[in-house]
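Under numbering that gives the first Met the number 0, the letters of the sequence shown match residues 0 to 227, in that order.
Reading through the structure tokens given below for one structure.
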Amino acid sequence: MSVIVVGGAIGAGKTTTARLLGEHLGSEVFYEDVTSSKILPLFYTAPPEEQEARRYPFMLQLEFLSSRFRSIKRAMVHDDNVLDRSIYEDWYFAKVNTDLGRISPDEFALYENLLDNMIEEIDELPKKSPDLFVYLRAPFDVLMGRIAARGRDFEQDDSLVEYYRRLWSGYDDWVYNSYSASQVLTVDTERLDLASNDADIATLHAMVDAALADVRAGRAVGTTTPDA
């Protein structure tokens, strides 16, 4: 049984990559739900005073935490599953929003307590952690182009650019210095066209197959740091 989590900054290509890996492994994919959330558009578009009054950033993190907890519990008891972002990565988003003042310190402390309790419950499952984190990286301008191209109206406001940049700029530090649930395979999605290039898709499949073989053999995964 292999459980893979796919992550990266907004616009990195998580959904496409998760779908490709699910098809390759013949596994179920647990996608990030960005269509049914009523809070997500408000998080991006509501004016600051409404955000402050309604606590949309904190509510959104709780909503995602609940959704991902449900997904990872299901993924950990079935064969070969792929998660489009995971409960581990949500902490990073909550921390950035706390640093930006959108989530209060007390709210963040409550969030961390809930997350810790959920992680403890995950530790009681037959499988205690993912096998591999596929970390998708790309330059900031590439990510911004993808966000524009996919056309979600609530993501397009120019005022969000600095928020996207803040998330992107700290991702490497979180992945390589804080994430510890599994080994990491770094994939450069600027170099690999995973939307339409069959050869690049085959390269992704080969990279993940090799990484999973390393994990099963108790070896370190080959590509775990960004290019110099």
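Where a beta carbon is used, it is the ideal one built from N, C-alpha and C, also for glycine.
Between the C-alpha atoms of glycine 12 and leucine 142 there is a straight-line separation of about 9 Å. DSSP lists Leu82 as the beta-bridge partner residues of phenylalanine 29.
Judged by DSSP in its simplified three-state form, tyrosine 163 adopts helix.
The C-alpha of aspartate 105 is placed about 13 Å away from the C-alpha of proline 56. The C-alpha of valine 186 is placed about 11 Å away from the C-alpha of leucine 193.
Counting the other CB atoms within 10 Å of its CB gives alanine 93 a total of 16 or more, which places it among the buried residues.
Alanine 180 and phenylalanine 132 have their C-alpha atoms some 8 Å from each other. Arginine 67 sits buried, since 16 or more C-beta atoms from the chains shown fall within 10 Å of its C-beta. For tyrosine 30 and alanine 108, the gap between their C-alpha atoms comes out near 27 Å. Beta-carbon to beta-carbon, proline 129 and serine 85 are separated by about 7 Å, close enough to satisfy the 8 Å threshold.
Within its own chain, the residues whose Cβ lies closer than 8 Å to the Cβ of aspartate 32, once the five positions on either side in sequence are excluded, are Ser66, listed in chain order. Taking a contact to require three or more Cβ pairs closer than 8 Å, the stretch 196-212 and the stretch 13-24 qualify as touching. When the Cα atoms are used, leucine 135 and glutamine 50 turn out to be separated by approximately 30 Å. Relative to threonine 16, the option among Met58, Leu203, Arg215 whose CA is nearest is Leu203. Of the residues assessed, asparagine 80 falls on the buried side of the cut-off, its CB having 16 or more other CB atoms within 10 angstroms.
Secondary structure within the stretch 105-150: the beta strand (DSSP E) runs of 3 or more consecutive residues, fully enclosed, are 131-136 (chain order).
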